[in-house]
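Presented below is the structure to which this report refers.
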Amino acid sequence: MYIENPDRTNLRYGYTTGACATAATRAALIMMVTGKTVDYVEINLPAKKTARFLIENSKIYENYCIASVKKDGGDDPDVTTGLYIYSRVEYSEKSGIEITGGEGVGVVTKEGLPIKPGNPAINPVPLKMLRAAATEVLDSYEVHRGLKITISVPGGAEVATKTCNPKLGIIGGISILGTRGIVIPFSDSSWKASIVLGIRVASRMDMDTLVFSTGGRSDTAVHKIFPDFKEEQFIEIGDFLGFSVKRAVDTGIRNLVIAGMPGKISKLADNNMDLHSSKSSVNFDFLASIGKKIGYPDEIISRIRHANTVLNVMEIINYDSIFLDTLKERSIENINKITGNKIKVDIEIIKNEY
Numbered sequence: 001m002y003i004e005n006p007d008r009t010n011l012r013y014g015y016t017t018g019a020c021a022t023a024a025t026r027a028a029l030i031m032m033v034t035g036k037t038v039d040y041v042e043i044n045l046p047a048k049k050t051a052r053f054l055i056e057n058s059k060i061y062e063n064y065c066i067a068s069v070k071k072d073g074g075d076d077p078d079v080t081t082g083l084y085i086y087s088r089v090e091y092s093e094k095s096g097i098e099i100t101g102g103e104g105v106g107v108v109t110k111e112g113l114p115i116k117p118g119n120p121a122i123n124p125v126p127l128k129m130l131r132a133a134a135t136e137v138l139d140s141y142e143v144h145r146g147l148k149i150t151i152s153v154p155g156g157a158e159v160a161t162k163t164c165n166p167k168l169g170i171i172g173g174i175s176i177l178g179t180r181g182i183v184i185p186f187s188d189s190s191w192k193a194s195i196v197l198g199i200r201v202a203s204r205m206d207m208d209t210l211v212f213s214t215g216g217r218s219d220t221a222v223h224k225i226f227p228d229f230k231e232e233q234f235i236e237i238g239d240f241l242g243f244s245v246k247r248a249v250d251t252g253i254r255n256l257v258i259a260g261m262p263g264k265i266s267k268l269a270d271n272n273m274d275l276h277s278s279k280s281s282v283n284f285d286f287l288a289s290i291g292k293k294i295g296y297p298d299e300i301i302s303r304i305r306h307a308n309t310v311l312n313v314m315e316i317i318n319y320d321s322i323f324l325d326t327l328k329e330r331s332i333e334n335i336n337k338i339t340g341n342k343i344k345v346d347i348e349i350i351k352n353e354y
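Just so you know, the sequence shown maps onto residues 1 to 354 in UniProt numbering.
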């Protein structure tokens, strides 16, 4: 999986579901061993940091203990923020540590993810964190018994519908995630990682054609254009066009449709592979040059050059098919430069009426 270096921001960091599950597990196991509730625990994070968590909903039963941590995604728009991540621990007759998922934790049903189908959606790093935390507690109290850990997230099934889990083949709940233990606000890396997973899942399903959309409206519109395509073929890539195309080539995808509003496609036609406003901007001189090549009157070319938005340009040319086809051709040429013609590309320009 591709993970980018974290962005540097002044926003408040949060903690991953994996970190919360680990803290809840540590607390529940300490309660199991000592017979006393705990209010806080500290855990070591993969990001080489130590974090302290408030423990809630602690309960000690005869044969098991339960504790929870309230998920806090910091200033990241994380749909799992506010959910309680529960851990139930109990001794087992089996040796070793068994980790499973309960209510609200999804189950993997498709190939291409870090977890094999049929297993709970608890990713490898959180699994490692859970085992390490449990082993540390058992060793520190000199307890030599098997252990079963069940992670559950009440409300997780409902929240999961707002994530990409259903498309990835994770059903019934959220994933227990995190490679660093911390949530970096508005992180590019998390979006890119989800793009890579989407491509990988589609590839494992032997799909050789994908549809990349640069935004929500484009995604909605292109679903209507290709009604017979499977959901896994549609991936919303945002502004990460160059990155996504390269990953598709690396994975062996043969055909690619890129769908975007005229503004985004005009940037691509002007040879920009990062479509974010901070990395590229609409070049109205470039658009005017296309009008000139087509043979528009000087008055129209001037209006294009002095337009305020690409929507304004589309209104001026009335979505002229020759103009749009030129944008498509330029876009395909630019993509072929970075792929070496290893993938067949089509462009869908989505009208602003969608």
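We put the beta carbon where it would ideally sit given N, CA and C, even for glycine.
- prompt: Quick one: what's got a C-beta closer than 6 Å to leucine 268's C-beta in the same chain, skipping five residues either side?
  reply: So the qualifying residues of the chain are Ser331.
- prompt: Got a sec, what are the start and stop residues for the alpha helix (DSSP H) phenylalanine 284 sits in?
  reply: Segment 284-294, the alpha helix (DSSP H) holding phenylalanine 284.
- request: Give a single yes or no on whether serine 92 has its beta carbon closer than 7 Å to a heavy atom of the ligand FAD.
  value: Judged by which ligands are present, the structure shown has none, so any question about the ligand FAD falls away.
field: Distance, glutamate 315 Cα to glycine 18 Cα
entry: Cα-Cα distance, rounded: 49 Å.
task: With DSSP as the reference, label isoleucine 300 as helix, strand or coil.
output: Shown here, isoleucine 300 sits in a helix according to DSSP, grouped into three states.
Leucine 275 versus arginine 52: straight-line alpha-carbon distance, rounded: Straight-line Cα distance between these residues: approximately 39 Å.
field: Own chain partners of residue 357 with C-beta closer than 6 Å, once the 5 adjacent residues on each side are dropped
entry: Outside the modelled stretch of the chain, which goes from 1 to 354, sits residue 357, for which no answer is possible.
- prompt: Can you tell me whether residue 419 is buried or exposed, with buried defined as 16 or more other CB within 10 angstroms of its CB?
  reply: Any question about residue 419 goes unanswered here, given that the chain covers just 1 to 354.
- request: Check glutamate 98 in the structure and name its three-state DSSP category.
  value: Three-state DSSP puts glutamate 98 in a strand.
- prompt: Does the count of Cβ pairs from the segment 129-147 and the segment 23-41 closer than 8 Å reach three?
  reply: Contact between the segment 129-147 and the segment 23-41 is present, because at least three Cβ pairs lie under 8 Å.
task: Report the residue from Glu103, Asn119, Thr100, Ser302 whose alpha carbon sits nearest the alpha carbon of threonine 109.
output: Residue Asn119 is the option with its Cα nearest to threonine 109.
message: What does the alpha-carbon distance come out to for the pair threonine 209 and threonine 80?
response: One C-alpha to the other measures close to 31 Å.
message: Residues in the same chain with beta-carbon distance under 6 Å from alanine 157, minus the five sequence neighbours each way, listed in chain order, please.
response: Apart from the 5 residues on each side of it in sequence, alanine 157 sits with its Cβ closer than 6 Å to the Cβ of Gly104, Gly172, Gly173 in its chain, given in chain order.
query: Which value, in whole angstroms, describes the spacing of the CA atoms of valine 153 and lysine 162?
result: Taking the Cα positions, valine 153 is about 15 Å away from lysine 162.
task: Reducing DSSP to helix, strand and coil, say where glycine 172 ends up.
output: Secondary structure at glycine 172: coil, using DSSP grouped into helix, strand and coil.
query: Does the distance from the CB of phenylalanine 284 to the CB of arginine 305 come in under 8 Å?
result: With a cutoff of 8 Å on beta-carbon distance, phenylalanine 284 and arginine 305 are scored as near each other.
- request: Using only alpha-carbon positions, find the residue among Leu45, Ile60, Tyr15, Asp188 that is nearest to lysine 36.
  value: The shortest C-alpha separation from lysine 36 is found at Ile60.
- prompt: Where aspartate 346 and valine 41 are concerned, what is the direct C-alpha to C-alpha distance, given to the nearest angstrom?
  reply: Each residue's alpha carbon lies about 53 Å from the other.
Nonlocal neighbours in the same chain, by C-beta distance under 6 Å from tyrosine 141, ignoring five residues either side: Answer for tyrosine 141: Val33, listed in chain order.
- request: Taking serine 321 as part of the alpha helix (DSSP H), name the residues at either end of that continuous run.
  value: Annotation: the continuous alpha helix (DSSP H) that includes serine 321 extends over 321-339.
message: By the three-class DSSP mapping on this structure, what secondary structure does arginine 12 have?
response: Coil.
Beta-carbon contacts of isoleucine 335 that lie in its chain and below 7 Å, excluding the five residues immediately before and after: Within the same chain, Val245, Val345 come within 7 Å of isoleucine 335 by CB-CB distance, once the 5 residues on both sides are set aside.
message: Quick check on DSSP: helix, strand or coil for threonine 37?
response: Coil at threonine 37, not helix or strand.
message: So, at 6 Å on beta carbons, what are the nonlocal neighbours of glutamate 111 in its own chain, with the 5 sequence-adjacent residues on each side left out?
response: For glutamate 111, where only same-chain residues beyond five positions count, the Cβ hits under 6 Å are Arg204.
field: Length of the line joining the Cα atoms of proline 325 and asparagine 318
entry: Correcting the residue identity first, residue 325 is aspartate in this sequence and not proline. As the crow flies, the alpha-carbon of aspartate 325 is around 13 Å from that of asparagine 318.
Sheet register partners of tyrosine 84 (DSSP bridge): Secondary-structure assignment with DSSP links tyrosine 84 through a beta bridge to Lys70.
task: Find the nearest neighbour of isoleucine 338 within the set Ile350, Met273, Ser280, Gly263, judged by alpha-carbon distance.
output: Met273 is the residue among Ile350, Met273, Ser280, Gly263 whose C-alpha sits nearest the C-alpha of isoleucine 338.
task: Within 10 angstroms of the Cβ of isoleucine 225, are there 16 or more other Cβ atoms? Answer buried if so, exposed if not.
output: When all chains shown are included, isoleucine 225 counts as exposed.
- prompt: Which class does residue 355 belong to by DSSP, given the choice of helix, strand or coil?
  reply: Because the chain here runs from 1 to 354, residue 355 falls outside it and cannot be looked at.
Straight-line gap, leucine 45 to leucine 287 (C-alpha atoms, nearest Å): Computed Cα separation, rounded: 50 Å.
message: Helix, strand or coil, according to DSSP, for valine 105 in the structure here?
response: Valine 105: strand per DSSP, three-state reduction.
query: Which of helix, strand or coil does DSSP assign to alanine 259?
result: In the three-state reduction of the DSSP assignment, alanine 259 falls in the strand class.
message: Taking the alpha carbon of lysine 230 as the reference point, which residue from Arg254, Met261, Leu168, Leu241 has its own alpha carbon closest?
response: Nearest option by C-alpha distance: Leu168.
- prompt: What's the C-alpha gap between valine 282 and isoleucine 235?
  reply: The alpha-carbon atoms of valine 282 and isoleucine 235 are separated by roughly 24 Å.
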